[in-house]
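Visitor: My questions all concern the structure below.
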Amino acid sequence: MGESRFGWYEKVRVNTADPKKAPIHGELGAILGKTQSDDGSWSYGVFIYNVSRVWSCCEGELVDTGEFDVRESFYTGESVRVSPRGELLG
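With our numbering applied, the sequence shown closes on residue 952, and no number is skipped along the way.
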């Protein structure tokens, strides 16, 4: 199994022919998640800046920009505690 093409927080441009992803075609995003399937192909959780949402994209649907964002742009460092039943604690 090979290495992923894109790094964490790497900025990418979505270039897809998938009609379900038409709303994000051409949009700029950043890699926030990665997964590799059993056949070795990679998929990514891509934060789309214009809509502030994460979309799932296949590696072939993404074009590198040569730029990176930083973790702090997406995560505040705050945390929450929940009970085993899913109740918010303190």
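Just so it is clear, CB atoms sit at the ideal spot from N, CA and C, and this is done for glycine as well.
Can you pull the DSSP bridge partners for Glu872?
Guide: As a first step, residue 872 is located in the sequence shown; it is residue number 10 there, counting from the start. DSSP lists Phe930 as partners of Glu872.
Visitor: Could you pull the start and end residues of the beta strand (DSSP E) that Phe909 belongs to?
Guide: Locating residue 909 in the sequence shown gives position 47, counting from the first residue. Taken as a continuous stretch (DSSP letters only), the beta strand (DSSP E) holding Phe909 covers Trp904 to Ile910.
Visitor: Closer than 8 Å is the cut-off here; do at least three beta carbon pairs connect the stretch 874-887 with the stretch 934-941?
Guide: no
Visitor: Mind the definition here: the stretch 900-908 touches the stretch 916-925 only if three or more C-beta pairs lie below 8 Å; say whether that holds.
Guide: yes
Visitor: Which residues in the same chain as Phe909 place their Cβ atom closer than 7 Å to its Cβ, once the five residues preceding and following it in sequence are excluded?
Guide: Walking along the sequence shown from the start, residue 909 turns up at place 47. Cβ within range, chain order: Gly891, Ala892, Leu894, Val916 and Phe936.
Visitor: Mapping the DSSP letters down to three states, classify Ser935 as helix, strand or coil.
Guide: Numbered from its first residue, the sequence shown carries residue 935 at position 73. It is helical.
Visitor: Figure out for me which residue from Leu951, Glu865 and Asp880 has the closest Cα to the Cα of Asp901.
Guide: Here residue 901 corresponds to residue number 39 of the sequence shown, with the count starting at 1. Nearest C-alpha to Asp901: Glu865.
Visitor: Give me the residue from Ser899, Gly869, Arg947 and Glu923 with the minimum Cα distance to Asp880.
Guide: Here residue 880 corresponds to residue number 18 of the sequence shown, with the count starting at 1. Residue Glu923 is the option with its Cα nearest to Asp880.
Visitor: Output the distance between the C-alpha atoms of Arg943 and Gly952, rounded to the nearest integer angstrom.
Guide: Taking the sequence shown and counting its residues from 1, the one referred to as residue 943 is at position 81. Taking the sequence shown and counting its residues from 1, the one referred to as residue 952 is at position 90. Straight-line Cα distance between these residues: approximately 7 Å.
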